[in-house]
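Since the structure comes first, as structure tokens, the remarks are kept for the end.
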Amino acid sequence: MPPTTLEIPWSHLETSLGEQLGRSAVSRRPLDLHALAHDASHYLLTPELLVRPTSADQVAAVMAACDEVGAPVTFRSGGTSLSGQGVTDAVLVDTRRHFTDVEVLDGGARVRVQPGVTVRAVNARLAPYHRKLGPDPASEGACTLGGVIANNSSGMHCGTQLNTYATLESLTVVLPSGTVVDSAAPDAEAELAAREPELVAGLLALRRRVLGDPDSVATIRRLFSMKNTMGYGINALLDFESPLDMLVHLLIGSEGTLGFVASAVLATVPVHPEVATGLLVLDTIGAATGAVPELAGTGVATAELLDAASLRVAQQDPRCPPRIADLDVEQHAALLVEWQGDSPAELDAAVGSAAATLDRLPLTTPARLTRDARERAALWTVRKGLFSAVAEARPAGTNALLEDVVVGVDVLGETCVALTELFAKHRYESSVIFGHARDGNVHFLLNERFDDAGSMRRYADFTEDLVDLVLGQGGSLKAEHGTGRIMAPFVRRQYGDELYAVMWEIKRLLDPRGLLNPAAVLSDEPTSYLQDLKPSPPVEEEVDRCVECGYCEPVCPSKDLTLTPRQRIVVRRDIQTARAAGDHALADSLERDYDYDGTQTCAVDGMCQSACPVRIDTGALTRRLRRESATRTAQTAWAGAARAWGTVAPLGGLALSAARLVPSGVPVTATRLVRAVAGADALPLYDARLPGGGSRRRELATGSPVAVLFSTCIGEMFGTEPGGHTGDLGSGATGALVELCVRADVPLRTPAGIGGLCCGTPWKSKGMSSGYAVMADRVVPALREATEGGRLPVVVEASSCVEGLEMMLAERAPDLRVVDAVDFVRDTVLPRLDVRRTDRTLVVHPTCSSQRAGSTEALVALAEAVATDVVVPISWGCCAFAGDRGLLHPELTASATAAEAAEVAGIVARVTPPRAENASPSTALTPAGEPGFVSSNRTCEIGMTRATGQPYRHVLELLAEASRA
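Note that my numbering has the sequence shown beginning at 3, numbered continuously upward.
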């Protein structure tokens, strides 16, 4: 066994790895360690060392260095695992940040992936080929392929036929010995035998041992005929004769205890374009589970169970679809069912063949299937977010424990009934059951405290009863979440002494020193699952609902620079825990580093809320922290700016225009000097790539307006890109919108004093509450008068300002309606225009605000009205310019846009024909043939222009040009 962490020379190891990987790849900074300590499980260990390697060779170097000093190693990617397999008090290796490559092979039939890329990102790359990955976990937006492979994850549709084990073609793996194996290499078998002879011999011996024991063969065949991630995948010893094949399939589901999977090639599965989805409601959970065998006989693609408690919690979500919201739930349960086909006729046939079965079922309400994409998505959103949504309602101070078990479908009903009896016996209130009923695999959620002895005894007693129940039904204690720490002590009970010994022998063959993720998968300590449990102290009202699921992380613009929303929350929790424990030095260190990592580099873009199942906006926490740290002088100054905004706002534009009249080094140096003295958050950093100032806002008056134009101040602060829209009616997006409306005979008016009005975002995002109140007191009366008491909509040409204005009015004038100009033009103006569509590529950057408001569809529609080829980069995300945040911290925007910028460069290279070698500049592409770049918010356009070197403009500018006579 490995030495205790106290015996390991951590400083020596940090120095050694820093020399090999680079100093930035290794950290012992407390904030880094605590931010990465937390995952979605209810276990918590704080690592001693964080390492971020960039290649398989660097991982091998990490493993060699740790082997030298006896330091345990745990690999961590998405952090969505629920069973404790991603935590450690030794070396944590982050394999998310630098392992995100995806390569589509053979026209989408196969795909090569690295461990840090999410399932959703891979499927987005496969979508043009009408293919997807086989595994389809509910956490697909956040879980990464590293965890999917390490846990042999499955999901809602794939069962055992399409999981990782079944769809794997090859692996590149780093073994604890340092050997790197690419199983697809022609000489891989011979190379493995030459470099690892003892391993090869040991695997062959274990295969003979298992085959020689009929009881072992029968047990393996029985348990792996269903979903089963308990222990190691020893079915590989039966399924394959080659040591290489045995090895790569044993690594699947091994939870990082046998080696590191650097990349994998997986076979993909077809996406069936025609789908019918329905919610079947029955009177009881027994009736619902009893219906599953009949439904399975119809070829149903999935049958997801939701018990009464799940339905009630789902009804609390304002996004809950009517089909669930309108239920009068008593003891009811529901099955979310789906049939699929490659054509409408094929789907008709599938649904038709199931009709008789549906008619026979004792349904509470008549069956209704929908093919509408939005209705289907709403139903699946409820199911996929159920764990976190249910956990949101847990009592303060408790942890949400999500377990999954599997039994034969024929005994699923009685097992679920027995489970509910166990909940009652052990006094677990509000517990829920949901999951993949078609596969006999259900999940259940418990709320438990880990801070008193009585609760711990209850949890231990319940676990013993659960183990007896599931194993008594011939099932498995883990179906798809991995064994982890939570079920490691019960592997022997499920498999028996002989197969348990086989598993330990596999561990010793591959990891003789036991350094890879110790305590996961196998444990001889009966109560190890009761150790290192995570506290859940209430900290801050805005984020106390967080269950640390990590769904927010992939959409966070600061994820590769500083912290993610989950990490911001857990660091705040750990600060309080440290204070309560009297460790003020740790708390002070975390607070000091949190200022930049947590507060200054948060874009407060709200994208985290769009991904969070419990709708937490971590930006709300950041805004409050900024408000609390703002000085009285700053509050007074920003309030004064609000009162004089009609003068202050144009000054920004004048300053930018003036800066362009002098050598760029002068304003750059000046702003750097001021920032060096006053701090980075005090003054934006000038950049020569910034445009000049815009034009002042004009007041429009008309007797019979269709809408009220709330033109934005960012349009007068920041001018257009070179060649941008200009005209008699104004420049940039505002001028383009006015011109389009005049051309379409859609009259607009502006509020009185528009030059001094603002949506309030500059104040709200900085926590300047006094100035925000001043501005709101000016805006609301002006808009109420201009809209004639709310009769007219308010149209705004900048998507972020739409969101800011909606937030202001939601608090003070909820009856006033705000519309993004892209929606308004698509619906009201575009039908009245004659638009010349060009054979051209337009690259669209959706904004975080347009995405949250649902306006991205309109943005793309306007682009499609102008150009024949419209591309939204797969890797698009929030640019993190965030008003002036990209000027205050340009490194934030650079990090947030890196992936999208690289993809845009590839798009440009693909669509731009090469110029002839001797061509003169006059033969270059005309503007109409060059690719264009559009968005719907001026600051986002500036951010993307900086990131890509391409001139991003508002889509309305291009539409105005394309519709001119």
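Glycine included, each C-beta is placed from N, C-alpha and C at the ideal position.
This one's a predicted model, so the numbers in the text were calculated from it and none came from an experiment.
Item, Value
"Look up Phe720 in the DSSP assignment and say whether it is helix, strand or coil.", "coil"
"Under the three-state reduction of DSSP, which class applies to Gln878: helix, strand or coil?", "At residue 878 the sequence reads Trp, which differs from the Gln that was named. Correct three-state label for Trp878: coil."
"What did DSSP end up calling Gln578 once you bin it into helix, strand or coil?", "helix"
"Can you tell me whether Arg751 is helix, strand or coil according to DSSP?", "strand"
"Do the CB positions of Val873 and Val845 come within less than 9 Å of each other?", "yes"
"Specify the secondary structure class of Ala269 as computed by DSSP and reduced to three states.", "strand"
"Using the rule of at least 16 other Cβ atoms within 10 Å of the residue's Cβ for burial, across every protein chain shown, is Leu656 buried or exposed?", "exposed"
"Enumerate in chain order the residues of its own chain whose CB-to-CB distance from Leu702 is below 8 Å, with the five nearest sequence positions on each side excluded.", "Leu711, Val740, Leu750, Arg751 and Thr752"
"Per DSSP, Asn449 forms a beta bridge with which residues?", "Ala402"
"Whole angstroms are fine: how far does the CA of Glu943 sit from the CA of Cys803?", "14 Å"
"What are the boundary residues of the beta strand (DSSP E) that Ile618 is part of?", "Per DSSP, Ile618 belongs to no beta strand (DSSP E) and is neither H nor E."
"Should Ala129 be labelled buried (16 or more other beta-carbon atoms within 10 Å of its own) or exposed?", "exposed"
"Helix, strand or coil for His727 per DSSP?", "coil"
"Please report the distance separating the alpha-carbon of Glu593 from that of Gly20.", "25 Å"
"Closest by CA to Leu473, which one among Met489, Met458, Arg460 and His483?", "Met489"
"Taking DSSP's pairing of strands, which residues face Val821 in a bridge?", "Val797"
"Pull up the DSSP beta-bridge partners for Val434, would you.", "Leu447"
"Decide if the stretch 472–486 is in contact with the stretch 400–415; the criterion is three or more beta carbon pairs, one per stretch, under 8 Å apart.", "yes"
"Taking its Cβ as the centre, do 16 or more other Cβ atoms sit within 10 Å of Ser857, making it buried, or is it exposed?", "buried"
"Please name the residue, chosen from Pro11, Ser57, Thr56 and Ala92, that lies closest to Leu47 on a Cα-to-Cα basis.", "Ala92"
"Just to confirm, is the Cβ distance from Val798 to Thr714 under 9 Å?", "yes"
"What I want to know is whether the C-beta of Asn154 ends up closer than 8 Å to one or more non-hydrogen atoms of the ligand FAD.", "This structure simply doesn't include the ligand FAD, nor any ligand for that matter."
"Between the Cα of Ala111 and the Cα atoms of Pro117, Arg127, Ala784 and His100, which residue gives the shortest distance?", "Arg127"
"Could you give the C-beta distance for Arg570 and Gly608, rounded to a whole number, given that I count them as a contact under 8 Å?", "14 Å between Cβ atoms; not a contact."
"Alpha carbon to alpha carbon, what distance is there between Val271 and Leu371?", "24 Å"
"In the structure shown, what three-state DSSP assignment does Tyr553 receive?", "coil"
"Whether or not the stretch 239–246 and the stretch 312–324 are in contact is what I'm after, with contact meaning three or more pairs of Cβ atoms, one per stretch, closer than 8 Å; do they touch?", "no"
"From Ser612 to Ala168, what distance separates their C-alpha atoms?", "33 Å"
"What are the start and end residues of the alpha helix (DSSP H) that includes Glu50?", "Glu50 -> no alpha helix (DSSP H), and no H or E assigned at all."
"Considering only their Cβ atoms, is the gap separating Arg780 from Gly806 smaller than 9 Å?", "no"
"For His251, does the three-state DSSP call read helix, strand or coil?", "helix"
"First and last residue of the beta strand (DSSP E) that includes Phe77?", "Val75 to Arg78"
"From what residue to what residue does the alpha helix (DSSP H) around Ser852 run?", "Cys850 to Ala855"
"What are the uninterrupted segments assigned as alpha helix (DSSP H) that are 4 or more residues long and contained completely in the stretch 495–560, given in chain order?", "499–512"
"To the nearest angstrom, how far is the alpha carbon of Ala37 from that of Thr564?", "10 Å"
"Roughly how many whole angstroms lie between the Cα atoms of Glu50 and Leu94?", "8 Å"
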